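Structure first, commentary second.
In UniProt numbering, the protein residues as written are 1 to 126.
Here it is in structure tokens:
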């Protein structure tokens, strides 16, 4: 077996590197990532936050897009001027995302976290 083959075999036995995620190397997982997905979901659960936001133009939706794009920890998001909505998938706390969107100055009319209605009152700065 070549040196690279030996390393590859050891990586297979010990775990693998999860591409496209922030989880990184997960010990004891298969190359197909089956256990890695299970371990990742237990360690840090993703949440889906949905915000109804008053947006009157492309500049409004662009402002929300910019803050979500820069927010570390956001897995994906979608901002819709037509639907007056912002949908965010992340492991971050709800309050963190709410605060970032509120800082754009756009009015948040309602919000849900994993399908459950949430307060839209922005927490006071610590």
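Note that CB positions come from ideal geometry on N, CA and C, so glycine has one too. Bear in mind the structure is a predicted one, so any value in this text is a computation, not a measurement.
Selected residue, minimal CA-CA separation from residue i, among the options
| i | options | result |
| --- | --- | --- |
| residue 82 | 53, 97, 70 and 113 | 53 |
| residue 62 | 46, 85 and 74 | 85 |
| residue 69 | 119, 108 and 100 | 100 |
Buried or exposed (CB count within 10 angstroms, at least 16 for buried), residue i
| i | result |
| --- | --- |
| residue 104 | buried |
| residue 15 | Because residue 15 carries a pLDDT of 38, less than 50, the predicted location of this residue cannot be relied on, and the following value inherits that uncertainty. So residue 15 ends up on the buried side. |
| residue 56 | exposed |
| residue 106 | buried |
| residue 1 | Annotation note: pLDDT 43 at residue 1 (below 50); position unreliable, coordinate value reported separately. It counts as exposed. |
| residue 33 | With a pLDDT of 44 at residue 33, under the threshold of 50, the predicted position of this residue should be treated as unreliable, though the coordinate-derived value follows. Answer is buried; the Cβ neighbour count reaches 16. |
Check whether residue i and residue j have beta carbons under 9 angstroms apart
| i | j | result |
| --- | --- | --- |
| residue 124 | residue 49 | no |
| residue 127 | residue 95 | The requested residue 127 is not part of the displayed model; the chain covers only 1 to 126. |
| residue 98 | residue 74 | no |
| residue 89 | residue 46 | yes |
Span of the alpha helix (DSSP H) around residue i
| i | result |
| --- | --- |
| residue 100 | 94 to 102 |
| residue 112 | Where residue 112 is concerned, there is no enclosing alpha helix (DSSP H), although the beta strand (DSSP E) it sits in stretches over 108 to 113. |
| residue 68 | 58 to 70 |
Sheet register partners of residue i (DSSP bridge)
| i | result |
| --- | --- |
| residue 86 | 51 and 79 |
| residue 74 | 90 |
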